[in-house]
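Notes follow once the structure below has been shown.
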Amino acid sequence: MSILFDKDSRVIVQGMTGAEGSYHTPRMIESGTRVVGGVTPGKGGQTFNGLPIFDTVAQAKAETGANASCIFVPPAGAAEAIMEAAEAGIPLVVILTEFVPVLDTARAMTYLKEHPTTVIGPNCPGLATPGAGKVGIMPYHIFKEGRVGFVSRSGTLTYEVVSLLTEAGLGQSSCIGIGGDPIIGTTFIDILRLFEADPDTDAVVMCGEIGGSDEEDAAAYAATMTKPVIGFISGRTAPPGKRMGHAGAIVSGTTGTAQGKVEALQRAHVPVAETIFEIPNLVKQALAAR
Amino acid sequence: MKIHEYQAKEILRRFGVPVQPGKIATTADEAEAIAAEFGVPVVVKAQVYVGGRGKAGGVKLAQTPAETREVAGRILGMDIKGLTVEKVLVTPALDIKEEYYLGVILDRASQTPVVLVSAAGGIDIEEVAATAPEKIIRFPIDMRWSLLQMDARQLLARAGVPSVVVAKGGAILSQLARAFIESDATLAEINPLALTPDGKVIAADAKIIIDDNALPRQKEYASWAEPEEANPLEYEAKAEGLTYVKLDGDVGVIGNGAGLVMTTLDMVARAGGKPANFLDIGGGAKAEVMKKALLFVARDPQVKGIVVNIFGGITRGEEVARGIIMAQQELPKGMPIVARLAGTGEAEGRALLANAGLNWGSDMRDACQKIVAEIAAKGN
Chain A
1 MSILFDKDSR VIVQGMTGAE GSYHTPRMIE SGTRVVGGVT PGKGGQTFNG
51 LPIFDTVAQA KAETGANASC IFVPPAGAAE AIMEAAEAGI PLVVILTEFV
101 PVLDTARAMT YLKEHPTTVI GPNCPGLATP GAGKVGIMPY HIFKEGRVGF
151 VSRSGTLTYE VVSLLTEAGL GQSSCIGIGG DPIIGTTFID ILRLFEADPD
201 TDAVVMCGEI GGSDEEDAAA YAATMTKPVI GFISGRTAPP GKRMGHAGAI
251 VSGTTGTAQG KVEALQRAHV PVAETIFEIP NLVKQALAAR
Chain B
1 MKIHEYQAKE ILRRFGVPVQ PGKIATTADE AEAIAAEFGV PVVVKAQVYV
51 GGRGKAGGVK LAQTPAETRE VAGRILGMDI KGLTVEKVLV TPALDIKEEY
101 YLGVILDRAS QTPVVLVSAA GGIDIEEVAA TAPEKIIRFP IDMRWSLLQM
151 DARQLLARAG VPSVVVAKGG AILSQLARAF IESDATLAEI NPLALTPDGK
201 VIAADAKIII DDNALPRQKE YASWAEPEEA NPLEYEAKAE GLTYVKLDGD
251 VGVIGNGAGL VMTTLDMVAR AGGKPANFLD IGGGAKAEVM KKALLFVARD
301 PQVKGIVVNI FGGITRGEEV ARGIIMAQQE LPKGMPIVAR LAGTGEAEGR
351 ALLANAGLNW GSDMRDACQK IVAEIAAKGN
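Going line by line, the protein sequences match chains A and B. Just so you know, this note's numbering puts 155 at position 155 of the first sequence, and the rest follows in order with no gaps. Just so you know, this note's numbering puts 144 at position 144 of the second sequence, and the rest follows in order with no gaps.
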């Protein structure tokens, strides 16, 4: 019915009592997510919104049986929060935190090579499975249950495109925001593999942007998939050498250009939308052609 | 954050990498005195945040202190790719026999920094990467122990450099990797690494970029921040907490979220306009932030109109609308603004805009087309 997250997922929130965590935790619960507790060192034994707070992730996992963690910890401690969750054996970690020093992320990813934990983020809006709930900050009302998978590097652009899909009657199986940083835990190709294997996903929309070569790598894989992929690339007007908001969104020399990504997708026979408004029709055409 | 060559060399010197001695001059007199102190010949190098300084005439050899004065006088104040040269590095000229390239960059695929080594130095590494990628040797750094000297030596040996460079360069490359990690860099390059006729191996030029996200813990480097002359607005935006990038068109663009703003720029271009800037107000912005953003964008004299594109989640439409109305009284008279609000507070926001006689777009495309049309109508 989905990838990474479903009705049976049991979520803890690291940094639940902070400004971000305390605002978004109740909204996750409203969306249907089974939030089973939180972690704030020094507040172990207290409760928040009726949920137990623990000092460590290991305690939280032992007491609640959590199998996913949502991290709102501020940048300085964010990478260690990922490592703590992995060390405790949490299989899915979604880290929302923006402004994490990139070498901290690199350290956490090195640590994770020896732990079977999937990390989404950092600097991402999280993920949602319509009908099951969300982990992160996406506005849940825009979603509709259905069979289109969605993956993007951006937050608000995701909401924009998902809204267009929903308006067009195209519901979503799962929607993943992988994040805008130069080093992230899970890339497009990883998500495409999961959607390809998911029996309840029929097609995938992938919204990429300038910087790096994840879209090119994903294009090569998309060419081998049994399910259609529809692409969109933002930043066609971005000049080289300028960071467009996201730390990872920068064209350096000839690598990471929108043009190069569009061409790589087209070579892989992935239809690329010129504007986001074309996406729903391209999805419908691809589904009709199956 | 970009830093200058002399600052990058200072970092490398602290990590034990051999660099040429040198001093900074801001006047021709100072440059002459430095040449006299070090002995001639010297090289006078413009310190600006762009590549290609040599080709632009910003790097010159001087044979006497008097010539140093004359050369420095010409380079200081020179315009290089829109940047005014305010400082020059005066450094003893180096007799170079061979040049190599050493670099460290971030690699998304391996999720770590990677070392790049090439026996073809002194050139544009991106050009080599594009035309002869086999001439570049790549190796991932293990964040647990950085780059071991034995690995560094093997990389240099594979690159085919002379054995004196394998030995001395191995230590330099290992220290370059350490400098990269400990200074929280996102790029560190020695280009060229020079071999002199008497067998010295020296970093003749260096470039380092520091991760903005790490500046809170890299306080010394944070204190090195300087306004880029070509983009004084970008420097001021940072101080104001705005994510702003100056572009060269006339349509101001403001939105929430990097991907959405980038997509809005593309949409302005499709509507036949040219974006003047990128400005992301982030999540949950209040009316005051919206007002500040509008006034900031309007400070760019090229801006003839502004489009605001907000998808409300934690950002509320009525806050955005109130910010636009507040800003309007202080904006240049007749400056067209078209707002597009969706999501949380959309109806309330539109009602506020309508009451204030302001224009809005039904969606992103409509808003972009409207602002481009309004600017064109004003121009006629």
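Don't be surprised by glycine CBs; every beta carbon is placed ideally from N, CA and C. Since the model is a prediction, treat every value here as computed from it, not as a measurement.
Whole-angstrom Cβ separation of Leu295/B and Ile306/B, contact assumed at under 8 Å?
As a working note, residue 295/B is residue 295 in the second sequence. As a working note, residue 306/B is residue 306 in the second sequence. Leu295/B to Ile306/B, Cβ: 10 Å. No contact.
My understanding is that Leu233/B touches Asp280/B, with C-beta atoms under 8 Å, so please give their C-beta distance in whole angstroms.
Counting from 1 along the second sequence, the entry for residue 233/B is found at position 233. Counting from 1 along the second sequence, the entry for residue 280/B is found at position 280. The pair is not a contact, with the Cβ atoms about 15 Å apart (cut-off 8 Å).
Below 8 Å on C-beta distance, what does Glu160/A contact in chain C?
Going by chain labels, chain C is absent from the structure shown, which instead holds the protein chains A and B.
On the DSSP bridge assignment, give the partners of Gly379/B in chain order.
Taking the second sequence and counting its residues from 1, the one referred to as residue 379/B is at position 379. DSSP lists no partner for Gly379/B.
Please report the Cβ distance between Gly211/A and Gly248/A, rounded to the nearest whole angstrom; I am assuming they are in contact, meaning their Cβ atoms lie under 8 Å.
The count along the first sequence starts at 1 and reaches residue 211/A at position 211. The count along the first sequence starts at 1 and reaches residue 248/A at position 248. 5 Å between Cβ atoms; contact.
Hey, Asp202/A and Leu287/A are a contact pair by Cβ (cut 8 Å); roughly how many whole angstroms apart?
Counting from 1 along the first sequence, the entry for residue 202/A is found at position 202. Counting from 1 along the first sequence, the entry for residue 287/A is found at position 287. Indeed, because the Cβ distance is near 6 Å, the residues count as touching under 8 Å.
When the distance is taken between beta carbons, is Lys61/A closer than 8 Å to Gly15/A?
Here residue 15/A is taken as the residue at index 15 of the first sequence, counted from 1. Here residue 61/A is taken as the residue at index 61 of the first sequence, counted from 1. In terms of Cβ geometry, Gly15/A and Lys61/A do not form a close pair [threshold 8 Å].
If the criterion is Cβ atoms closer than 8 Å, does the pair Leu192/A and Val229/A meet it?
In the first sequence, the residue the question calls residue 192/A occupies position 192. In the first sequence, the residue the question calls residue 229/A occupies position 229. Against a cut-off of 8 Å, the Cβ pair of Val229/A and Leu192/A comes out as a contact.
What separation, rounded to the nearest whole angstrom, lies between the Cα atoms of Gly317/B and Gly323/B?
Numbered from its first residue, the second sequence carries residue 317/B at position 317. Numbered from its first residue, the second sequence carries residue 323/B at position 323. C-alpha separation (whole angstroms): 10 Å.
Selection from Ala120/B, Glu182/B and Val104/B that minimises the alpha carbon distance to Ala152/B
Residue mapping note: residue 152/B aligns to position 152 of the second sequence, counting from 1. Looking at the Cα atoms, Val104/B is the closest of the given residues.
Mind pulling the chain B residues with CB within less than 9 Å of Glu342/A?
The shown model of chain A, from 1 to 290, leaves out residue 342/A, and the question about it has no answer.
Residues that Ser146/B bridges to, as DSSP identifies them
The count along the second sequence starts at 1 and reaches residue 146/B at position 146. Beta-bridge annotation (DSSP): Ser146/B is paired with Asp142/B.
Starting from the Cα of Val117/B, find the closest Cα among Ile337/B, Ser110/B, Asp124/B and Ile136/B and give me that residue.
Residue mapping note: residue 117/B aligns to position 117 of the second sequence, counting from 1. Of Ile337/B, Ser110/B, Asp124/B and Ile136/B, the residue nearest in Cα terms is Ile136/B.
If we call anything under 8 Å between Cβ atoms a contact, is Trp224/B one with Gln7/B?
Numbered from its first residue, the second sequence carries residue 224/B at position 224. Numbered from its first residue, the second sequence carries residue 7/B at position 7. Yes. Within cutoff.
What span of residues does the beta strand (DSSP E) with Gln63/B cover, start to end?
Here residue 63/B corresponds to residue number 63 of the second sequence, with the count starting at 1. Element bounds for Gln63/B: n/a, residue is neither H nor E.
For Phe5/A, the three-state DSSP class (helix, strand or coil)
In the first sequence, counting from the first residue as 1, residue 5/A sits at position 5. Looking at Phe5/A - three-state DSSP - the assignment turns out to be coil, as it is neither helix nor strand.
Can you tell me whether Gln172/A is helix, strand or coil according to DSSP?
Walking along the first sequence from the start, residue 172/A turns up at place 172. For Gln172/A, the secondary structure class from DSSP, reduced to helix, strand or coil, is strand.
Take Ala35/B and list the residues in its own chain whose beta-carbon comes closer than 7 Å to its own, dropping the five residues that flank it on each side.
Position 35 of the second sequence, counted from the first residue, corresponds to residue 35/B. Cβ within range, chain order: Val42, Ala62, Pro65, Thr68 and Val90.
Own chain residues within Cβ distance below 7 Å of Met364/B, not counting five before or after
Within the second sequence, the letter at position 364 stands for residue 364/B. Taken in chain order, the residues that qualify are Thr264, Met267, Asn309 and Arg340.
Below 8 Å on the Cβ atoms is my contact criterion, and I expect Ala268/A with Ala238/A to pass it. Report the Cβ-Cβ distance as a whole number of Å.
Within the first sequence, residue 268/A is the residue found at index 268, counting from 1. Within the first sequence, residue 238/A is the residue found at index 238, counting from 1. Cβ-Cβ separation between Ala268/A and Ala238/A: approximately 23 Å, too far for a contact (criterion under 8 Å).
What do you get for Ser362/B, buried or exposed, if any count of 16 or more other CB atoms within 10 angstroms of its CB means buried?
Numbered from 1 along the second sequence, position 362 holds the residue referred to as residue 362/B. Label assigned to Ser362/B: exposed.
Is there at least one non-hydrogen atom of the ligand ZN closer than 7 Å to the beta-carbon of Ser154/A?
The ligand ZN is not part of this structure, which contains no ligands at all.
Once you ignore the five residues that flank Ala120/B on each side, which residues in its own chain have a CB closer than 6 Å to its CB?
Mapped onto the second sequence, residue 120/B falls at position 120. The answer, listed in chain order, is Val128 and Lys135.
For Pro113/B, which residues in chain A fall below 8 Å Cβ to Cβ?
Here the question's residue 113/B lines up with position 113 in the second sequence. Among the residues of chain A, those whose CB is under 8 Å from the CB of Pro113/B are Leu103 and Ala106, following chain order.
Report the neighbours of Asp214/A on chain B: residues whose CB is nearer than 7 Å to its CB, in chain order.
Here residue 214/A refers to the residue found at position 214 when the first sequence is read from its first residue. Within chain B, the residues whose beta carbon sits less than 7 Å from that of Asp214/A are Arg108, listed in sequence order.
Under the assumption that Phe5/A contacts Leu127/A (Cβ atoms under 8 Å), give the Cβ distance between them as a whole number of angstroms.
As a first step, residue 5/A is located in the first sequence; it is residue number 5 there, counting from the start. As a first step, residue 127/A is located in the first sequence; it is residue number 127 there, counting from the start. 6 Å between Cβ atoms; contact.
Close Cβ partners of Ala273/A (< 6 Å) along its chain, the five nearest in sequence each way excluded
As a first step, residue 273/A must be located in the first sequence, where it is residue number 273. Result list for Ala273/A: Phe232, Ile279 and Leu282, in chain order.
Can you give me the Cβ contacts of Lys168/B inside the same chain, cut-off strictly under 6 Å, excluding the 5 residues immediately before and after it?
Position 168 of the second sequence, counting from 1, holds the residue named residue 168/B. Cβ within range, chain order: Val201.
Output, in chain order, the set of chain A residues within a Cβ distance shorter than 9 Å of Arg144/B.
Along the second sequence, read from residue 1 onward, the residue named residue 144/B stands at position 144. Residues of chain A passing the Cβ test: Arg107, Thr110 and Tyr111.
Going by DSSP in three states, Ile12/A sits in which element: helix, strand or coil?
Within the first sequence, residue 12/A is the residue found at index 12, counting from 1. In the structure shown, Ile12/A sits in a strand (DSSP, three-state: E or B).
For the beta strand (DSSP E) holding Gly343/B, just list the boundary residues, first then last.
Translated into the one-based positions of the second sequence, residue 343/B becomes position 343. Residue range Ile337 to Gly343 is occupied by the beta strand (DSSP E) that includes Gly343/B.
So what does Tyr244/B bridge to, in DSSP terms?
As a first step, residue 244/B is located in the second sequence; it is residue number 244 there, counting from the start. Bridge partners of Tyr244/B: Leu279/B.
Candidates Pro216/B, Thr27/B and Lys246/B: closest to Val297/B by CA position:
As a first step, residue 297/B must be located in the second sequence, where it is residue number 297. Of the candidates Pro216/B, Thr27/B and Lys246/B, the one whose C-alpha sits nearest the C-alpha of Val297/B is Lys246/B.
For the pair the stretch 183 to 198 of chain A and the stretch 250 to 266 of chain A, tell me if three or more CB-CB distances fall below 8 Å.
Verdict: no, contact absent.
Below-8 Å beta-carbon distance, Glu209/A vs any chain B residue:
Counted from its first residue, the first sequence places residue 209/A at position 209. The beta-carbon of Glu209/A is placed less than 8 Å from the nearest beta-carbon of chain B.
Label Trp145/B either buried or exposed according to how many other C-beta atoms from any shown protein chain fall within 10 Å of its C-beta, with 16 as the threshold for buried.
In the second sequence, the residue the question calls residue 145/B occupies position 145. Of the residues assessed, Trp145/B falls on the exposed side of the cut-off, its CB having fewer than 16 other CB atoms within 10 angstroms.
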